[in-house]
Amino acid sequence: MDDDFTYVSSWQGMVYVAFVIDVFARKIVGQVEWETLKWVDWYNNTRLHSAIGYVTPQEAEEVFYETLNAAEKAA
Numbered sequence: 188m189d190d191d192f193t194y195v196s197s198w199q200g201m202v203y204v205a206f207v208i209d210v211f212a213r214k215i216v217g218q219v220e221w222e223t224l225k226w227v228d229w230y231n232n233t234r235l236h237s238a239i240g241y242v243t244p245q246e247a248e249e250v251f252y253e254t255l256n257a258a259e260k261a262a
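Those letters in the sequence shown? Residues 188 to 262, per the working numbering, in order.
As structure tokens, then:
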């Protein structure tokens, strides 16, 4: 067989191979989740957006709420 290297002899047999594959798969999934979180953080807090005056979305939100609070205090 060409794929004999995937089968590991142990007292658990195929369960051991499934465990090794599962641990590796979870590591990949965890890495994808981490990279996605990093990208979302960059998108929301770091990037400059032309539609809001080349400031970050977080800065635009802060200005919005400051303006809103100032308008409420004036009223």
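Every residue gets a Cβ at the ideal spot worked out from N, C-alpha and C, and that includes glycine. Note that the structure is a prediction, hence the values are computed from the model and not measured.
Within the model, the alpha-carbon separation for G240 versus V219 is close to 32 Å. Our two residues, A261 and W226, have alpha carbons roughly 39 Å apart in a direct line.
Taking 8 Å as the cut-off, the Cβ atoms of L255 and T243 do not count as close. The C-alpha of N232 lies about 32 Å from the C-alpha of F211. Where T254 is concerned, the enclosing alpha helix (DSSP H) starts and stops at P244 to A261.
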